[in-house]
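Have a look at the structure below before the remarks.
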Amino acid sequence: MRRISVNVNGKQHEAEVEPRQLLVYFLRETLGLTGTNVGCDTTTCGACTLLLDGKTVKSCTVLAVQADGEQVTTIEGISSDGELHPMQQAFHEHHALQCGYCTPGMIMAAIGLVEEGGGDLSERDIRLGLEGNLCRCTGYHNIIKAIEAAQSQYSSAGA
Amino acid sequence: MTQTEERAQRYVGGGLLRKEDPELITGQASYVDDITIPGMLWVGVVRSPIAHARLGGVEVAAARSMPGIVEAYSGADLASEWAGGLPCAWPVTEDIKMPTHWPVVQDKARYAGDAVAVVVGESRAQVKDAMEAVEVEYEPLDPVVTMEEALAEGATKVHDDFDDNETYVWKLANGEVDQTFADAEVTIAERYYHPRLIPNAIEPRGVVVAPIAAQGEYTLYTATQIPHILRTTLALTVNIPENKLRVIAPDVGGGFGSKLNVYAEEAICLALARKLGRPVKWIEERSENYLATIHGRDVIQEMELAATQEGKITGVRVKLTADMGAYLQLVTPGIPVLGAFLYAGVYDAQVYSFECVGVFTNKTPTDAYRGAGRPEATYAIERAIETLARKVGKDPVEIRRLNFIEPFDKPRPVAAGLEFDSGNYRAGFDKALDLADYDGLRAEQERRRNEGGVKQLGIGLSTYIEMCGLAPSQVLGSLRYGAGGWETATIRCHPTGKVTVITGTSPHGQGHVTTWSQITADALGVSPDDVEVLHGDTAVSPMGMDTYGSRSLSVGGTALYYAAEKIRNKVKKVAAHELEVSEEDLEWSEGKFQVRGAPDKAKSVPDIAFCLWHCHNLPPDTEPGLEETYVFDPPNFTYPSGAHVAVVEVDTETGLVELTKYVAVDDCGTQINPTIVEGQIHGGVAQGVAEGMFEEAIYDESGNLTTSHMGYYRVPSAAELPSFILDSTVTPSTTNPLGVKGIGEAGTIASPPAVVNAVIDALAPLGVTDIDMPTTPERVYNAIQSAKGASA
Ligand code: FES
Ligand code: FES
């Protein structure tokens, strides 16, 4: 067992973990943060996407011990004071989810993408940027619309 | 529409934002894997890596002694748990071969993935380690991989109890078919293969069972589309009284038919919870899902058309060979039957025959996958009509216009023996061509052809008709299906003015909570926010028949419509009493019962719900409370239709196909929530385009699934797809008072032939007239090379 200390959504957690434990299971099963989903075993689907020190990662491919001393942001940590994050709001308004299983990963990937893209991603950029996140319900059409809408809000807020 | 009626329809027809979303976008949803119960054990299923093998010993002792392991069982150890095998509810013919399907096999493994042993332990990781320690002696047998092999003389048998691998032969014929073909001026005969597909709902399956051992009571949480059907069938399989079994479908992460089944792991977890008296959990891994969850399609089609010299279709003759896989799952044999009546599409044929041969192979069982039988039918007719066009020298637009069934708004019989409910196929087609700028596209295509560049443009058309709203119970009976096709709805009006709606449907992404709230809000004059919709729990909902086959709105929504009518009838009686007028003096206006001519004298549903709660002054013979249930058994199917246009760019040097434009015009009848309708079409089109262009489950000659994980099987990402251009026509269904037809499967049904026709169209100048799905670069490249070879 290894002792780790991870900041998750602004809160510090200390825990003993098996060295082979994946970050996603540490979050889901040790901390009870079940918002991050698991959809595959080959790092393909992106359902487990979250932010590790501000960068998007697939948490099924990161060991819990690798997050030692780092900041983790999950879907549970992006709305504040009951206010949805603009990306969450945009997904809702544009009907960018159906079953919702890909949604937490998709929203986290979208946040990472837009923050990196600085607010002027084209539709093509967004589509390419989301290549690692699969959705079987929406055909991506409304996901793209939601991200475009959230992005314009980001940049106008930033301006 | 009068002004009052207009105002009464405040929510139906509007794109209300989904009430389901808040928990899903904040990570507060509860999927099966999110459920933890104190004392819960983990279950792992050991699967045969070999497609066909007799089992020697299954040795579990070593696994049992591993750290954290509570128990390990072979198939023989669990044999006494089952009152019967896993059910198949659709024996399509009297003499169908119905193999016994044990949840854990005892004699031989019949596909790579067949369950051979089970391990139970304290943690996910410990169980995984111990599964490696189970020793199984496999004596390999010849695998039967393709349908041709399975049907060959002297083939190895998948099931020793039967004479051969032919599961059944199902036939349908109307009119003098052979004569029509013999006399026809023109005939065409084509052979298509519809590849095997892996559904890939992004949430894999999972099961949690919580027992109350002392009471013999069990709560089964499972990622399913069919909690009600599961309760009935599992009660029989595992021998638990049905009224002691509660099945809950919590949040479910997509289904597409793959969760419309009774699976081994559901039976296994129930049996283990009973045996051990502890809660158990099994979560499917994705690679396991590729083996253990049903596949779709895998059908060989021999499609023939008879026509006049001009190209008018007179007859359709179809023969299918359909791969069942190793066992018959819940509705495996019936899938081809769901398409059997639709091989003439929206075209007016006089005679019709259909025959399907089901075949056992050593592969994962097939069953319902989005569209189930109807994508197959649509693909065949929409490919064939293009071949006919080439043969009679017409273009793809002309040939379709020549053959469309004329617009109709009353039920109309068709050659296959169905009665279509209503339709205007030409209107949708014209609209789709307009939206796509068909003439402009043809001009651009011409320009590129003349220039002779590498990237050629292809334009593919497809029209479709589907049969959904499953289904009139009597018809299901005549097709030998084991259950009915009705659906239920209950409306409970609380004294505080809030309304609870309980439906027997079981949504898993379709937004029933929102749509049902809209219908209820308009029917009862309340706000959708005051309506709570409950589903997916057999202890909460009345009887139900669950969600599949684009049935939920047209059957379950109609039940809701009639339940609301019952509520209003009761409210009217009490309102008249309260207002001291006769019922005839009341009219339903602006969401209330108003006294005719004195609109300020009115009672709302919440007003009367309160009266029916305190019951201080009710009219005689009035039962207290305001709660009604309606069970709707539809009189007919519904028949959504539409026309799609796909535009592709084909790189004639590499064979790479890019989808550059996609237009869909669908007619699902009346739309309750157009935003949700569009979402269903987007997702359906993406799935069907994937079928046409990317996806195929491939087995090697030993029966190993070579597309064995998500990295090998090409579920498309956003990068491979364009945005879609949608529009609709509205031809209200005559089957139900809402006028709705269903939209869950339309996109998946229409799109495969649209993209394949587009690829063939792009390559037509090279002489390419045929290409199989999916249109991978390799396949397109080879088609180009062999066409060049032929013309050289
Ligand atoms: S769970 Fe699929 S990429 Fe992590
Ligand atoms: S919303 Fe179901 S997988 Fe994306």
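So the protein sequences, as listed, match chains A and B. Every position in the first sequence, counted from 1, becomes a number in this note's numbering once 839 is added. Every position in the second sequence, counted from 1, becomes a number in this note's numbering once 326 is added. For every residue, glycine included, the Cβ atom is placed at its ideal position computed from N, Cα and C.
Indicate, with yes or no, if ligand 2 has a heavy atom lying under 7 Å from the CB of residue i.
i, result
"Q937/A", "yes"
"C887/A", "no"
"T977/A", "yes"
"T942/A", "yes"
"G340/B", "no"
"C414/B", "no"
"C974/A", "yes"
"G579/B", "yes"
"I528/B", "yes"
"G835/B", "yes"
Tell me residue i's beta-bridge partners as DSSP assigns them.
i, result
"H621/B", "T692/B"
"K585/B", "Bridge partners of K585/B: none, in fact."
"W914/B", "F919/B"
"K434/B", "R380/B"
"S788/B", "H970/B"
"E702/B", "Looking at the DSSP assignment, E702/B forms no beta bridge with any residue, so it has no partner."
"A749/B", "A quick correction: the sequence has Gly, not Ala, at residue 749/B. Bridge partners of G749/B: F734/B."
"L783/B", "E975/B"
"R572/B", "T545/B"
"W368/B", "G447/B, K607/B"
Which value, in whole angstroms, describes the spacing of the CA atoms of residue i and residue j?
i, j, result
"M366/B", "I594/B", "15 Å"
"M869/B", "T482/B", "44 Å"
"E906/B", "E813/B", "37 Å"
"T330/B", "K918/B", "The predicted model places T330/B with a pLDDT of 38, which falls under 50 and marks its position as unreliable, so this point remains unresolved."
"R336/B", "Q836/B", "21 Å"
"R333/B", "C937/B", "Note that R333/B scores a pLDDT of 46, beneath 50, so its modelled location is shaky; the value from the coordinates is reported in the next line. Distance between the alpha carbons of R333/B and C937/B: 26 Å."
"A753/B", "T1055/B", "7 Å"
"G997/A", "I986/A", "Residue confidence for G997/A is low, a pLDDT of 44 falling below 50, so the modelled location carries little weight; the figure read from the coordinates is stated next. The alpha-carbon atoms of G997/A and I986/A are separated by roughly 16 Å."
"E681/B", "S584/B", "25 Å"
"I351/B", "V503/B", "55 Å"
"E772/B", "V1081/B", "19 Å"
"P961/B", "T692/B", "29 Å"
"L556/B", "M871/B", "10 Å"
"P966/B", "D756/B", "17 Å"
"T884/B", "F958/B", "7 Å"
"V881/B", "I950/A", "40 Å"
"M327/B", "G339/B", "Confidence in M327/B is poor, its pLDDT being 36 and thus under 50, which makes the residue's placement too unreliable to answer from."
Do you know whose CA, among the options, lies nearest residue i's CA?
i, options, result
"A854/A", "Y940/A, V953/A, R842/A, L861/A", "R842/A"
"L342/B", "I998/B, V1041/B, A536/B", "I998/B"
"L802/B", "A415/B, A706/B, I574/B", "A415/B"
"W428/B", "A438/B, V418/B, S406/B", "S406/B"
"C916/A", "Q992/A, A989/A, K894/A, K850/A", "For the record, residue 916/A in the displayed sequence is Gly; it is not Cys. It is K850/A whose Cα lies nearest to the Cα of G916/A."
"L586/B", "V606/B, E610/B, T548/B", "T548/B"
"T1131/B", "V677/B, K1114/B, D760/B, T996/B", "Limits of chain B in this structure are 327 at one end and 1118 at the other, which puts residue 1131/B out of reach."
"A1113/B", "T978/B, P1058/B, E1021/B, S1077/B", "T978/B"
"I361/B", "D486/B, L546/B, P413/B, L412/B", "L546/B"
"L902/A", "G978/A, E857/A, I914/A, T913/A", "E857/A"
"D347/B", "S918/A, A935/A, G971/A, V911/A", "A935/A"
With a threshold of 7 Å, establish whether the CB of residue i neighbours any heavy atom of ligand 1.
i, result
"G878/A", "yes"
"T895/A", "no"
"T883/A", "yes"
"T873/A", "no"
"C899/A", "yes"
The region 617-630 of chain B in contact with the region 546-561 of chain B per 3-pair CB rule at 8 Å: no
Touch test, the region 394-412 of chain B against the region 441-448 of chain B, Cβ-Cβ under 8 Å, three pairs minimum: yes
The region 922-938 of chain A in contact with the region 855-873 of chain A per 3-pair CB rule at 8 Å: no
The region 935-950 of chain B / the region 830-849 of chain B touching (three or more Cβ pairs under 8 Å): no
The region 591-611 of chain B touching the region 529-541 of chain B, judged by at least three CB pairs closer than 8 Å: yes
Any 3 or more C-beta pairs closer than 8 Å across the region 1035-1046 of chain B and the region 878-886 of chain A: yes
Cβ contact (3+ pairs, closer than 8 Å) linking the region 356-376 of chain B and the region 873-881 of chain B: no
Inter-stretch contact (C-beta, 8 Å, three-pair minimum) for the region 845-864 of chain B and the region 595-606 of chain B: no
The region 787-794 of chain B / the region 1057-1065 of chain B touching (three or more Cβ pairs under 8 Å): no
The region 419-436 of chain B touching the region 478-496 of chain B, judged by at least three CB pairs closer than 8 Å: yes
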